[in-house]
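Residue numbers (UniProt numbering): 1 to 147.
For glycine and all other residues, C-beta sits at the position ideal for the given N, C-alpha and C.
Here the structure comes first, spelled out in structure tokens, and everything after it is commentary.
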């Protein structure tokens, strides 16, 4: 099956489908426009997007009366960091940035991909953290830099 466009998104209120199949991507693959994957039920799908926008979780790549093919990300090991003050948040953001570690920051937590070398850093800063699994909804953005 070949798909060249996203036709909708299940997270924006699209109706449930009786036969939904998932294409699971690594978060880095959300930025790719040409992919070949199998759904969770074994359907072979070739993706060749004309649009330059990245794929998003919930994007519908194919749909008819019998089948709906939707994007989601794979569960990945992550650390979720819970700073308990603005000082801890600042120290943690500084240390992660200094290591060029991509992270997602929200009001109450920082999420980074699993890297066991980070545990020592968390301990040094004194921040609470846990190792868990999550599905990322968007790709991390890397920022270029010059030294």
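From 110, 122, 3 and 137, pick the residue whose C-alpha is nearest to that of residue 61; which is it?
3
Give every residue of the same chain whose Cβ lies closer than 7 Å to the Cβ of residue 111, excluding the five residues on either side of it in the sequence, and list them in chain order.
Once the five neighbours on either side are set aside, the close Cβ partners of residue 111 are 78, 80, 103, 104 and 134.
Can you give me the C-alpha to C-alpha distance between residue 92 and residue 67, rounded to a whole angstrom?
45 Å
In this structure, what does DSSP give as the bridge partners for residue 48?
Its beta-bridge partners are 34.
Taking 8 Å as the limit between beta carbons, can you name the residues of its chain near residue 26, skipping five residues before and five after?
73, 74 and 76
For residue 7, which residues in the same chain have their Cβ closer than 8 Å to its Cβ, ignoring the five residues on either side in sequence?
60, 61, 62 and 63
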